[in-house]
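**Student:**
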Amino acid sequence: MNEAVLPTTDLERARHDLDHAGYCIIENIIPEGLLGRTRTRVDSQASAERAADLAFFQDGHTQWIANVLNKGSEFAELLVCAEESHDLVRHVLGRDYILSCSNAPIAGPGTQRMGMHTDQHWTPGIPREPLHYQRLGEMRFDNMQATTKPLAQEFLFPPCMTTLMWTLTDFTSANGATVFVPGSHLSGSQPVFDAPFEQAVAAEASAGSLILWDGRTWHATGSNSTTDEYRIGVTNNFVAPMIRPLVNYPYSLRPEVAANLSEWQKQLLGFTTWTSYGNEGVPSQHLSYFKPAKEQTGPLG
3 MNEAVLPTTD LERARHDLDH AGYCIIENII PEGLLGRTRT RVDSQASAER AADLAFFQDG
63 HTQWIANVLN KGSEFAELLV CAEESHDLVR HVLGRDYILS CSNAPIAGPG TQRMGMHTDQ
123 HWTPGIPREP LHYQRLGEMR FDNMQATTKP LAQEFLFPPC MTTLMWTLTD FTSANGATVF
183 VPGSHLSGSQ PVFDAPFEQA VAAEASAGSL ILWDGRTWHA TGSNSTTDEY RIGVTNNFVA
243 PMIRPLVNYP YSLRPEVAAN LSEWQKQLLG FTTWTSYGNE GVPSQHLSYF KPAKEQTGPL
303 G
(Lines of atoms letter the chains of each structure in order from A and count residues from 1; the text may use other names and numbers.)
(Lines give C-alpha, C1' and ligand atoms only; values in the text may rest on other atoms or scores of the structure.)
Protein backbone atom coordinates (compact mmCIF):
# COMPACT_ATOMS: atom_id res chain seq x y z
CA MET A 1 0.00 0.00 0.00
CA ASN A 2 1.51 3.34 -1.04
CA GLU A 3 -1.47 5.68 -1.17
CA ALA A 4 -2.17 8.46 1.30
CA VAL A 5 -4.66 7.65 4.05
CA LEU A 6 -7.77 9.83 4.08
CA PRO A 7 -9.43 11.24 7.22
CA THR A 8 -12.41 9.24 8.44
CA THR A 9 -14.90 9.03 11.30
CA ASP A 10 -15.30 5.26 10.78
CA LEU A 11 -13.35 3.44 13.49
CA GLU A 12 -13.29 0.21 11.52
CA ARG A 13 -11.78 2.04 8.56
CA ALA A 14 -9.20 3.61 10.85
CA ARG A 15 -8.17 0.17 12.16
CA HIS A 16 -7.81 -1.04 8.56
CA ASP A 17 -5.62 1.93 7.66
CA LEU A 18 -3.51 1.38 10.76
CA ASP A 19 -3.00 -2.30 9.89
CA HIS A 20 -2.19 -1.81 6.21
CA ALA A 21 -0.73 1.70 5.90
CA GLY A 22 0.77 1.96 9.38
CA TYR A 23 -1.17 5.10 10.29
CA CYS A 24 -4.72 6.45 10.36
CA ILE A 25 -6.56 9.77 10.65
CA ILE A 26 -9.74 10.29 12.69
CA GLU A 27 -11.31 13.70 12.08
CA ASN A 28 -13.45 15.86 14.38
CA ILE A 29 -12.48 13.94 17.51
CA ILE A 30 -11.33 16.65 19.97
CA PRO A 31 -14.25 18.31 21.77
CA GLU A 32 -14.58 21.86 20.42
CA GLY A 33 -14.18 23.61 23.77
CA LEU A 34 -11.11 21.56 24.65
CA LEU A 35 -9.59 22.24 21.23
CA GLY A 36 -9.80 26.00 21.72
CA ARG A 37 -8.54 25.92 25.32
CA THR A 38 -5.60 23.69 24.44
CA ARG A 39 -4.58 25.84 21.48
CA THR A 40 -4.68 28.95 23.71
CA ARG A 41 -2.61 27.20 26.41
CA VAL A 42 0.02 26.10 23.88
CA ASP A 43 0.30 29.61 22.45
CA SER A 44 0.67 31.15 25.92
CA GLN A 45 3.21 28.57 27.13
CA ALA A 46 5.27 28.86 23.95
CA SER A 47 5.40 32.65 24.21
CA ALA A 48 6.31 32.55 27.91
CA GLU A 49 9.09 30.00 27.38
CA ARG A 50 10.57 32.17 24.63
CA ALA A 51 10.41 35.25 26.86
CA ALA A 52 12.09 33.36 29.71
CA ASP A 53 14.79 32.01 27.39
CA LEU A 54 13.60 28.46 28.12
CA ALA A 55 12.35 27.62 24.64
CA PHE A 56 13.72 24.59 22.81
CA PHE A 57 13.97 24.92 19.03
CA GLN A 58 14.67 22.22 16.48
CA ASP A 59 16.31 23.48 13.27
CA GLY A 60 15.64 27.04 14.43
CA HIS A 61 12.01 27.03 13.31
CA THR A 62 10.18 24.30 15.26
CA GLN A 63 9.55 25.03 18.93
CA TRP A 64 8.95 22.02 21.17
CA ILE A 65 7.05 22.43 24.44
CA ALA A 66 8.22 19.46 26.47
CA ASN A 67 6.47 17.53 29.24
CA VAL A 68 3.21 19.40 28.64
CA LEU A 69 1.33 17.59 31.40
CA ASN A 70 3.10 19.93 33.84
CA LYS A 71 2.02 22.98 31.87
CA GLY A 72 -1.77 22.99 31.86
CA SER A 73 -4.71 20.82 32.89
CA GLU A 74 -5.87 20.77 29.26
CA PHE A 75 -3.15 18.27 28.36
CA ALA A 76 -4.23 15.67 30.94
CA GLU A 77 -7.80 16.19 29.74
CA LEU A 78 -6.73 15.65 26.15
CA LEU A 79 -5.11 12.38 27.17
CA VAL A 80 -8.49 10.76 27.90
CA CYS A 81 -10.92 12.90 25.90
CA ALA A 82 -11.73 10.32 23.21
CA GLU A 83 -12.35 6.62 23.77
CA GLU A 84 -11.75 6.06 20.05
CA SER A 85 -8.11 7.00 20.51
CA HIS A 86 -7.63 4.33 23.15
CA ASP A 87 -9.50 1.78 21.07
CA LEU A 88 -6.86 2.31 18.38
CA VAL A 89 -3.97 2.15 20.87
CA ARG A 90 -5.36 -1.14 22.19
CA HIS A 91 -5.65 -2.37 18.60
CA VAL A 92 -1.87 -2.00 18.31
CA LEU A 93 -0.60 -2.68 21.84
CA GLY A 94 -3.34 -4.70 23.56
CA ARG A 95 -5.17 -4.06 26.81
CA ASP A 96 -2.35 -2.54 28.88
CA TYR A 97 -0.02 0.33 27.97
CA ILE A 98 1.47 3.47 29.50
CA LEU A 99 2.32 6.98 28.32
CA SER A 100 5.93 7.39 27.26
CA CYS A 101 5.88 11.15 26.63
CA SER A 102 3.65 14.06 25.66
CA ASN A 103 4.90 17.17 23.90
CA ALA A 104 3.60 20.04 21.78
CA PRO A 105 5.58 20.62 18.56
CA ILE A 106 5.02 23.93 16.74
CA ALA A 107 6.34 23.79 13.18
CA GLY A 108 6.76 27.40 12.09
CA PRO A 109 7.44 28.91 8.66
CA GLY A 110 10.81 27.79 7.37
CA THR A 111 10.73 24.40 9.09
CA GLN A 112 12.59 21.87 6.98
CA ARG A 113 11.47 18.29 6.68
CA MET A 114 12.79 16.23 9.56
CA GLY A 115 14.90 13.21 8.75
CA MET A 116 12.83 10.11 8.10
CA HIS A 117 12.73 7.79 11.13
CA THR A 118 10.62 5.44 13.20
CA ASP A 119 9.66 6.02 16.82
CA GLN A 120 10.48 2.39 17.55
CA HIS A 121 13.95 2.89 16.11
CA TRP A 122 15.52 0.27 18.34
CA THR A 123 13.49 -2.51 16.69
CA PRO A 124 15.90 -5.28 15.70
CA GLY A 125 15.51 -7.32 12.58
CA ILE A 126 14.78 -11.02 12.99
CA PRO A 127 17.89 -12.83 11.73
CA ARG A 128 17.95 -16.12 9.86
CA GLU A 129 20.66 -17.31 12.22
CA PRO A 130 19.22 -16.99 15.76
CA LEU A 131 22.61 -16.51 17.43
CA HIS A 132 23.59 -13.69 15.07
CA TYR A 133 21.20 -11.09 16.38
CA GLN A 134 21.77 -7.40 17.06
CA ARG A 135 22.06 -6.73 20.80
CA LEU A 136 19.29 -4.38 21.92
CA GLY A 137 21.52 -2.61 24.42
CA GLU A 138 23.84 -1.62 21.59
CA MET A 139 21.26 -0.21 19.16
CA ARG A 140 21.63 3.50 18.40
CA PHE A 141 20.75 5.82 15.53
CA ASP A 142 24.34 5.73 14.31
CA ASN A 143 24.58 1.95 14.01
CA MET A 144 21.14 1.01 12.72
CA GLN A 145 20.90 -1.00 9.54
CA ALA A 146 19.03 1.50 7.35
CA THR A 147 17.57 1.21 3.86
CA THR A 148 16.09 3.50 1.20
CA LYS A 149 13.14 1.30 0.30
CA PRO A 150 10.77 -0.56 2.64
CA LEU A 151 10.28 -4.16 1.56
CA ALA A 152 7.70 -6.33 3.31
CA GLN A 153 9.18 -9.18 5.32
CA GLU A 154 7.62 -12.42 6.44
CA PHE A 155 8.84 -12.23 10.05
CA LEU A 156 8.62 -8.97 11.99
CA PHE A 157 9.32 -7.68 15.46
CA PRO A 158 5.89 -6.60 16.78
CA PRO A 159 4.90 -2.99 17.51
CA CYS A 160 5.83 -1.94 21.05
CA MET A 161 4.69 1.67 20.80
CA THR A 162 2.23 3.90 19.06
CA THR A 163 2.09 7.67 18.70
CA LEU A 164 -0.92 9.98 18.60
CA MET A 165 -0.83 13.49 17.19
CA TRP A 166 -3.74 15.72 18.19
CA THR A 167 -4.07 18.44 15.54
CA LEU A 168 -4.68 21.85 17.12
CA THR A 169 -4.47 23.55 13.70
CA ASP A 170 -5.09 22.31 10.20
CA PHE A 171 -2.28 20.04 8.99
CA THR A 172 -1.53 20.59 5.29
CA SER A 173 1.22 19.57 2.92
CA ALA A 174 2.23 23.23 2.79
CA ASN A 175 2.50 23.92 6.53
CA GLY A 176 4.44 20.84 7.61
CA ALA A 177 1.93 18.02 8.04
CA THR A 178 3.61 14.80 9.19
CA VAL A 179 4.63 12.67 6.22
CA PHE A 180 4.50 8.88 6.17
CA VAL A 181 5.71 6.06 3.96
CA PRO A 182 2.55 3.91 3.79
CA GLY A 183 3.14 0.24 4.52
CA SER A 184 6.68 0.82 5.82
CA HIS A 185 5.75 -0.66 9.23
CA LEU A 186 5.76 -4.07 7.54
CA SER A 187 9.34 -3.76 6.31
CA GLY A 188 11.09 -4.64 9.55
CA SER A 189 13.78 -2.08 8.69
CA GLN A 190 14.79 1.49 9.42
CA PRO A 191 14.94 4.30 6.85
CA VAL A 192 18.05 6.17 5.83
CA PHE A 193 17.71 9.39 7.83
CA ASP A 194 18.47 11.91 5.10
CA ALA A 195 17.08 10.11 2.04
CA PRO A 196 14.38 12.05 0.09
CA PHE A 197 11.77 9.26 0.10
CA GLU A 198 9.62 10.34 -2.83
CA GLN A 199 7.01 7.77 -1.74
CA ALA A 200 6.27 9.72 1.46
CA VAL A 201 2.79 11.27 1.66
CA ALA A 202 1.45 14.06 3.87
CA ALA A 203 -1.16 13.26 6.54
CA GLU A 204 -3.46 16.20 5.88
CA ALA A 205 -6.11 16.73 8.56
CA SER A 206 -8.32 19.52 9.86
CA ALA A 207 -7.92 21.00 13.33
CA GLY A 208 -9.49 18.77 15.97
CA SER A 209 -8.37 15.53 14.35
CA LEU A 210 -6.18 12.65 15.50
CA ILE A 211 -3.32 11.11 13.54
CA LEU A 212 -2.15 7.82 15.02
CA TRP A 213 0.68 5.61 13.83
CA ASP A 214 2.40 2.29 14.50
CA GLY A 215 5.80 2.81 16.14
CA ARG A 216 7.48 1.00 13.24
CA THR A 217 6.09 3.33 10.54
CA TRP A 218 8.54 5.56 8.66
CA HIS A 219 7.59 9.21 9.13
CA ALA A 220 8.86 12.76 9.62
CA THR A 221 7.66 16.28 10.30
CA GLY A 222 7.01 17.84 6.90
CA SER A 223 8.48 21.10 5.64
CA ASN A 224 6.55 24.32 6.27
CA SER A 225 6.78 26.41 3.10
CA THR A 226 4.24 29.00 4.22
CA THR A 227 5.14 32.48 5.40
CA ASP A 228 2.64 32.83 8.23
CA GLU A 229 1.20 29.42 9.26
CA TYR A 230 2.18 27.52 12.40
CA ARG A 231 1.39 23.80 12.40
CA ILE A 232 0.60 22.98 16.02
CA GLY A 233 -0.08 19.59 17.58
CA VAL A 234 0.17 17.64 20.82
CA THR A 235 1.71 14.18 20.85
CA ASN A 236 0.89 11.25 23.13
CA ASN A 237 3.36 8.41 22.72
CA PHE A 238 2.28 5.12 24.32
CA VAL A 239 4.39 2.03 24.95
CA ALA A 240 3.78 -1.51 26.13
CA PRO A 241 3.78 -1.58 29.96
CA MET A 242 7.13 -3.34 30.33
CA ILE A 243 8.99 -0.75 28.19
CA ARG A 244 10.93 2.05 29.85
CA PRO A 245 9.12 5.32 28.93
CA LEU A 246 10.87 8.44 27.66
CA VAL A 247 9.51 10.45 30.61
CA ASN A 248 9.42 9.14 34.19
CA TYR A 249 6.08 10.65 35.18
CA PRO A 250 5.95 9.47 38.81
CA TYR A 251 9.28 11.27 39.27
CA SER A 252 8.84 14.33 37.04
CA LEU A 253 5.17 15.26 37.40
CA ARG A 254 4.53 18.28 39.59
CA PRO A 255 2.72 17.30 42.86
CA GLU A 256 -0.28 19.55 42.22
CA VAL A 257 -0.73 17.96 38.79
CA ALA A 258 -0.49 14.41 40.14
CA ALA A 259 -3.01 15.23 42.89
CA ASN A 260 -5.69 16.02 40.29
CA LEU A 261 -5.28 12.93 38.11
CA SER A 262 -8.10 10.42 37.74
CA GLU A 263 -7.48 6.74 38.43
CA TRP A 264 -7.27 6.03 34.70
CA GLN A 265 -4.84 8.89 34.13
CA LYS A 266 -2.63 7.64 36.97
CA GLN A 267 -2.54 4.18 35.46
CA LEU A 268 -1.69 5.61 32.02
CA LEU A 269 1.17 7.61 33.54
CA GLY A 270 2.74 4.61 35.24
CA PHE A 271 1.72 5.27 38.84
CA THR A 272 0.69 1.63 39.15
CA THR A 273 2.59 -1.59 38.69
CA TRP A 274 2.12 -4.03 35.83
CA THR A 275 2.46 -7.68 36.89
CA SER A 276 5.87 -7.50 38.59
CA TYR A 277 7.14 -4.46 36.67
CA GLY A 278 7.52 -1.15 38.50
CA ASN A 279 7.05 -2.80 41.87
CA GLU A 280 8.66 -1.77 45.16
CA GLY A 281 10.27 -5.09 45.92
CA VAL A 282 7.03 -7.09 46.11
CA PRO A 283 7.01 -8.92 42.76
CA SER A 284 3.41 -10.14 43.03
CA GLN A 285 1.98 -6.61 42.84
CA HIS A 286 -0.37 -5.95 39.91
CA LEU A 287 -1.88 -2.53 39.17
CA SER A 288 -1.10 -1.46 42.73
CA TYR A 289 0.20 1.98 43.59
CA PHE A 290 3.84 1.92 44.59
CA LYS A 291 5.13 3.96 47.50
CA PRO A 292 7.26 7.05 46.84
CA ALA A 293 10.83 6.97 48.03
CA LYS A 294 10.12 8.89 51.22
CA GLU A 295 7.66 6.18 52.30
CA GLN A 296 9.90 3.19 51.50
CA THR A 297 11.07 1.03 54.37
CA GLY A 298 14.74 1.50 55.23
CA PRO A 299 17.12 -0.50 57.45
CA LEU A 300 15.36 -2.06 60.47
CA GLY A 301 16.55 -3.89 63.58
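According to our numbering, the sequence shown is numbered sequentially starting from 3. Glycine included, every Cβ here is placed at the ideal spot set by N, Cα and C.
#1: Looking at ASN105: is its Cβ nearer than 8 angstroms to the Cβ of ALA53?
#2: In the DSSP output, what is GLY235 paired with across the bridge?
#3: From which residue to which residue does the alpha helix (DSSP H) around ALA304 run?
#4: Could you pull the start and end residues of the beta strand (DSSP E) that SER104 belongs to?
#5: In whole angstroms, what is the alpha-carbon distance linking GLU265 and THR228?
#6: Please classify PHE143: does DSSP put it in a helix, a strand, or coil?
#7: Say the cut is 7 angstroms; is the CB of PRO33 nearer than that to a heavy atom of the ligand COA?
#8: So PHE59 is in the alpha helix (DSSP H); what residue range does that whole segment cover?
#9: Which residues share a DSSP beta bridge with CYS26?
#10: Please report the residue range of the beta strand (DSSP E) in which TRP66 lies.
#11: For LEU248 and VAL194, what's the separation of their Cα atoms in angstroms?
#12: By how many angstroms is the C-alpha of ASN226 removed from the C-alpha of ALA176?
#13: Measure from the C-beta of TYR99 to each C-beta in chain C and report whether the shortest distance is under 8 angstroms.
#14: If PRO111 sits next to HIS63, beta carbons under 8 angstroms apart, how far is it from one beta carbon to the other, in whole angstroms?
#15: Helix or strand or just coil, what does DSSP make of HIS221?
#16: What is the rounded straight-line gap between the Cα of GLY117 and the Cα of CYS26?
#17: Under the DSSP definition of a beta bridge, which residues are partnered with MET163?
#18: Compare the beta carbon distance of SER191 and PRO152 with 8 angstroms and say whether it is the shorter of the two.
#19: Span of the alpha helix (DSSP H) holding ARG43?
#20: Just tell me which of ALA6, ALA179, HIS187, HIS88 has its CA closest to the CA of GLN155.
#21: If distances are taken between C-alpha atoms only, which option among LEU8, THR113, PRO243, GLU231 comes closest to LEU170?
#22: Could you tell me whether the Cβ atoms of ILE32 and LEU270 are closer together than 8 angstroms?
#23: Straight-line CA distance for VAL94 to MET163?
#24: Less than 8 angstroms between the C-beta atoms of LEU71 and VAL259, yes or no?
#25: By the three-class DSSP mapping on this structure, what secondary structure does PRO252 have?
#26: How is GLN192 classed by DSSP in three states: helix, strand or coil?
#27: Who are the near neighbours of ASN239 in its chain, counting only those whose CB is closer than 6 angstroms to its CB and skipping five residues on each side?
**Tutor:** With the structure as the only source:
#1: Taking the first residue of the sequence shown as 1, we reach residue 105 at position 103. Taking the first residue of the sequence shown as 1, we reach residue 53 at position 51. Not a contact, by the Cβ cut-off of 8 angstroms.
#2: For the purposes of this step, residue 235 is taken as residue 233 along the sequence shown, with counting starting at 1. Looking at the DSSP assignment, GLY235 forms a beta bridge with THR169.
#3: With the chain running from 3 to 303 in the structure shown, residue 304 is simply not present.
#4: Looking up residue 104 in the sequence shown gives position 102. Where SER104 is concerned, the enclosing beta strand (DSSP E) stretches over 100 to 109.
#5: Counted from its first residue, the sequence shown places residue 265 at position 263. Counted from its first residue, the sequence shown places residue 228 at position 226. If you take the alpha carbons of GLU265 and THR228, they lie about 42 angstroms apart.
#6: Residue numbering aside, residue 143 sits at position 141 when the sequence shown is read from its first letter. Helix, per DSSP.
#7: You won't find the ligand COA in this model; it holds no ligand whatsoever.
#8: Looking up residue 59 in the sequence shown gives position 57. It is not in any alpha helix (DSSP H) - PHE59 instead sits in the beta strand (DSSP E) that spans 58 to 60.
#9: The sequence position of residue 26 within the sequence shown is 24, counting from 1. Answer is LEU214.
#10: Counting from 1 along the sequence shown, the entry for residue 66 is found at position 64. TRP66: member of the beta strand (DSSP E) spanning 64 to 67, first to last residue.
#11: For this step, residue 248 is matched to residue 246 along the sequence shown. For this step, residue 194 is matched to residue 192 along the sequence shown. Distance between the alpha carbons of LEU248 and VAL194: 23 angstroms.
#12: Position 174 of the sequence shown, counted from the first residue, corresponds to residue 176. Position 224 of the sequence shown, counted from the first residue, corresponds to residue 226. Each residue's alpha carbon lies about 6 angstroms from the other.
#13: Here chain C cannot be found, since the structure has a single protein chain.
#14: Your numbering for residue 111 matches position 109 in the sequence shown. Your numbering for residue 63 matches position 61 in the sequence shown. Yes, they are in contact, since the Cβ atoms of PRO111 and HIS63 sit about 7 angstroms apart, within 8 angstroms.
#15: Taking the first residue of the sequence shown as position 1, residue 221 is located at position 219. Reduced to three states, the DSSP call for HIS221 is strand.
#16: Locating residue 117 in the sequence shown gives position 115, counting from the first residue. Locating residue 26 in the sequence shown gives position 24, counting from the first residue. Cα atoms of GLY117 and CYS26: separation of roughly 21 angstroms, rounded to the nearest angstrom.
#17: Here residue 163 corresponds to residue number 161 of the sequence shown, with the count starting at 1. MET163 pairs with VAL241.
#18: What you label residue 191 is simply residue 189 of the sequence shown in a count that begins at 1. What you label residue 152 is simply residue 150 of the sequence shown in a count that begins at 1. For SER191 and PRO152, yes; Cβs fall inside 8 angstroms.
#19: As a position in the sequence shown, residue 43 is number 41, starting the count at 1. Counting along the chain, the alpha helix (DSSP H) containing ARG43 begins and ends at 34 to 53.
#20: Locating residue 155 in the sequence shown gives position 153, where the first residue counts as 1. Ranking ALA6, ALA179, HIS187, HIS88 by Cα distance to GLN155 puts HIS187 first.
#21: Taking the first residue of the sequence shown as position 1, residue 170 is located at position 168. For the residues LEU8, THR113, PRO243, GLU231, the minimum Cα distance to LEU170 belongs to GLU231.
#22: Along the sequence shown, read from residue 1 onward, the residue named residue 32 stands at position 30. Along the sequence shown, read from residue 1 onward, the residue named residue 270 stands at position 268. LEU270 sits away from ILE32, with the two beta carbons spaced by 8 angstroms or more.
#23: Locating residue 94 in the sequence shown gives position 92, where the first residue counts as 1. Locating residue 163 in the sequence shown gives position 161, where the first residue counts as 1. So the two alpha carbons sit approximately 8 angstroms from each other.
#24: By 1-based counting over the sequence shown, the position of residue 71 is 69. By 1-based counting over the sequence shown, the position of residue 259 is 257. Note that the C-beta distance between LEU71 and VAL259 is below 8 angstroms.
#25: Here the question's residue 252 lines up with position 250 in the sequence shown. It is helical.
#26: Along the sequence shown, read from residue 1 onward, the residue named residue 192 stands at position 190. The DSSP-derived three-state label of GLN192 is strand.
#27: In the sequence shown, the residue the question calls residue 239 occupies position 237. Close CB contacts of ASN239 within its chain, under the 6 angstroms cut and outside five residues either way in sequence, are with SER102, CYS103, THR165 (chain order).
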